[in-house]
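Reading through the structure tokens given below for one structure.
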Amino acid sequence: MDIDFQPTTGLKDSIEQRRAARAFHPDPIPEVVLAEIFHLGLRSPSGYNLQPWRFIVVQSPESKETLQHCAFDQTQIAQAPVVLICCGDRTAIDQDNIEAVIKLGEDHQAMTKQYADYLRSQIPPFFDNAPSFGSMETWTNRHTMLAVAHLMIVAKSYGVDSCPMEGFVAAQVKEAFDIPDTVDVCCLLCLGYADEPFKHFGGRFSRDKVFYGERYGRPFRL
Ligand SMILES: Cc1cc2nc3c(=O)[nH]c(=O)nc-3n(C[C@H](O)[C@H](O)[C@H](O)COP(=O)(O)O)c2cc1C
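Encoded structure:
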């Protein structure tokens, strides 16, 4: 379903107002809103456009109860109308997905024969060498979490709150939700309408602490 449905909150306010919600109203998220959040969330970038993220949309009370048991009984899971099990598929580097990316690019008039050949020849050795990540799990998490960040900000722009969660036992989630060995569970994402005054904003470190100039550790000033 593709509907041009405009957000109610601008980007700056969406970022500043997004908070991790620990309690949710039972109110459902309208389908048009969910469709738009998913649509825009998927505009997240990925290396070679391989898009390894996969999401299991959990809505039934039974499945949420199962998931809650895999997540140290965190109650926001049962309360949120929608919980995403955010996964990263290691097989996204396989030839069939490379061909699917090429086809997608062709459908969007964004693929030349040279670039298709470049992808076919460059992607396999890149992943053999893995120059910028130590494991495929790092690679799947890198990409999936970026998509999760998009989803959270887009959701907030439509008035939908979220809670990203790493407090779960991955092996239990994989077993309970039929997730194959080649797929990593990167995080859970509760979506819905917060039923709480949020805790006081915990703050963020200053720019000086986390931005460096030219070399790691050197001061950077604006
Ligand atoms: C990767 C990740 C994992 C998190 N895991 C949990 C979790 O398991 N349970 C929880 O209640 N909050 C979890 N949080 C929420 C953080 O505690 C929260 O984002 C942080 O305290 C900052 O608060 P804010 O998001 O409201 O600004 C997680 C956040 C991230 C980004």
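Yeah, the sequence shown ends on 221 if you go by numbering that gives the first Met the number 0, and it's all consecutive.
In this text, a Cβ means the ideal position worked out from N, Cα and C, and glycines have one as well.
Since the structure is predicted, the reported quantities are computational estimates derived from the model, not experimental observations.
Nearest-angstrom beta carbon gap, residue j and residue i [assumed within contact, 8 Å]
i: Ala-79; j: Cys-186; result: Their Cβ separation, rounded to whole angstroms, is 14 Å, which puts Ala-79 and Cys-186 out of contact at 8 Å.
i: Ala-91; j: Pro-51; result: 4 Å
i: Ser-156; j: Ser-13; result: 4 Å
Contact under 7 Å by Cβ, residue i with residue j
i: Glu-213; j: Ala-22; result: no
i: Leu-49; j: Val-57; result: no
i: Phe-197; j: Arg-17; result: no
i: Ala-146; j: Ser-43; result: yes
i: Val-182; j: Asp-88; result: yes
Residue range of the alpha helix (DSSP H) that includes residue i
i: Asp-12; result: 10-16
i: Ser-62; result: 60-68
i: Phe-126; result: 112-128
i: Val-147; result: 135-156
i: Ile-178; result: Taken as a continuous stretch (DSSP letters only), Ile-178 belongs to no alpha helix (DSSP H), as it is neither H nor E.
i: Leu-103; result: 94-106
i: Asp-207; result: 206-209
Helix, strand or coil at residue i [DSSP, three-state]
i: Val-31; result: helix
i: Leu-188; result: strand
i: Phe-23; result: strand
i: Gly-225; result: With the chain covering 0 to 221 only, the question about residue 225 has no answer from this structure.
i: Val-159; result: coil
i: Tyr-47; result: helix
i: Gln-201; result: Reading the sequence as shown, one finds Gly at residue 201 and not Gln. It is coil, neither helix nor strand.
beta-carbon residue i near ligand 3 non-hydrogen atom, thresh 6 Å
i: Leu-118; result: This structure lacks ligand 3; the ligands present are ligand 1.
First and last residue of the uninterrupted beta strand (DSSP E) at residue i
i: Phe-53; result: A small fix is needed here, since residue 53 is Arg in this sequence, not Phe. Segment 52-57, the beta strand (DSSP E) holding Arg-53.
message: Taking 5 Å as the limit, name every residue whose beta carbon sits nearer than that to some heavy atom of ligand 1, in sequence order.
response: Arg-18, Ala-19, Pro-163, Met-164, Glu-165, Gly-166
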